[in-house]
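Residue numbers (the working numbering), protein chains in the order written: chain A, 1 to 129; chain B, 1001 to 1129.
See structure below.
There are 2 protein chains.
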Amino acid sequence: MKNPDSLKNKAGRFAYDGLDRVIHEKARLSVLSSLISHPKGLLFSDVKQLCGLTDGNLSRHLQVLHEARLIDILKSFEQNRPQTTCRITAQGRRQYLQYLSVLEQIVRDAATATESDPCETSPFSLASR
Amino acid sequence: MKNPDSLKNKAGRFAYDGLDRVIHEKARLSVLSSLISHPKGLLFSDVKQLCGLTDGNLSRHLQVLHEARLIDILKSFEQNRPQTTCRITAQGRRQYLQYLSVLEQIVRDAATATESDPCETSPFSLASR
């Protein structure tokens, strides 16, 4: 358990600075994932259903994402009833994809770690990559 | 922007319920990633350096991980100086790998979404998988 020299040059190796906290929050990650899969936008009620969120929770997180300019929130009327549509912005898409590249790094790091330990079977398989 | 029927059967499709909040917190994700890559354990000072955390921050998160039984914290003496070693438990390893399978799903969902939109180039490439 000595501090091996090999660790000394690895400061911040697992800091994952690119994990933007606005995106990393679980509910917001759900919302952005649903929106990147529906680039033309989704109704508030659809996002709520797809992400399993309550009205209040979703409203709060949409506000945060909107303030960070990651999504647009469009208000309109459909058959005289107000409706809210959410859409990921170009900036949101860019930042979300950058965030995902860090998630990929985390998965790769763990895959490397578990590959070097043949006693353990990983539940995710690199063979399918 | 009508609610398409196809969405109706997809309740919770992007909820990612498997994203355990204890593990998902950014600093704790860093700590667990560093520990799964060093299954024999790491000194407190090494984890701190690898994860870019302060003493206080690291202590707090180690406590949470320990209470969730994801890590062991071992106190010992080295040349009459106290030292703390952290090690991922078997349960921690299992839960972390389950968590990672959800991260993989998120990456796959986004890859599917961006593949179907040829105008956008993704910063991560499935070609290398």
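Ideal placement from N, C-alpha and C gives every residue a C-beta, glycine not left out.
Given the structure is predicted, the values throughout are model-derived calculations rather than measurements.
In this structure L1074/B is exposed. Its beta-carbon is surrounded by fewer than 16 other beta-carbon atoms within 10 angstroms. Taking 8 Å as the cut-off, the beta carbon of L1019/B is found no closer than this to the beta carbon of K48/A.
Per DSSP, F14/A is not a residue of any beta strand (DSSP E), being assigned neither H nor E. Using a Cβ-Cβ distance cut-off of 8 Å, the region 1055 to 1073 of chain B and the region 64 to 83 of chain A are not in contact, since fewer than three pairs of beta carbons, one from each stretch, lie closer than that value. In this structure, the alpha-carbon of L1050/B lies about 13 Å from that of G1041/B. Residues of chain A with a Cβ closer than 9 Å to the Cβ of C1051/B are, in chain order, G12, R13, F14, A15, Y16. Among the CB atoms of chain B, none fall inside 8 Å of the CB of A68/A. Chain-ordered listing is empty here: chain A has no CB closer than 9 Å to the CB of D1072/B, the nearest sitting near 13 Å.
Here the region 89 to 109 of chain A makes no contact with the region 52 to 63 of chain A; the two share fewer than three CB pairs at distances below 8 Å.
K1040/B carries a coil assignment under DSSP once its states are collapsed to helix, strand and coil.
In this structure, DSSP gives Q1079/B a state outside helix and strand, which the three-state scheme calls coil. DSSP places L53/A outside both helix and strand once states are collapsed to three, so it counts as coil. Going by DSSP, R1094/B is part of the alpha helix (DSSP H) stretching over 1090 to 1115. Contact between V1107/B and Y1016/B fails: their C-beta atoms lie close to 12 Å from each other, not under 8 Å. By the CB criterion at 8 Å, I88/A and L32/A fall inside the cutoff.
Here R69/A carries a coil assignment [DSSP, helix/strand/coil]. F77/A and T84/A have their alpha carbons spaced roughly 8 Å apart. In this structure, G1012/B places its C-beta atom within 8 Å of the C-beta atom of G52/A. Proximity of L1065/B to chain A, defined by a Cβ-Cβ separation below 8 Å, is not satisfied. A straight-line Cα-Cα distance of about 13 Å links R1081/B and L1043/B.
Sequence-ordered contacts of the region 15 to 37 of chain A with chain B read A15, Y16, D17, L19, R21, H24, K26, L29, S30, V31, S33, S34, I36, S37 [C-beta pairs closer than 8 Å].
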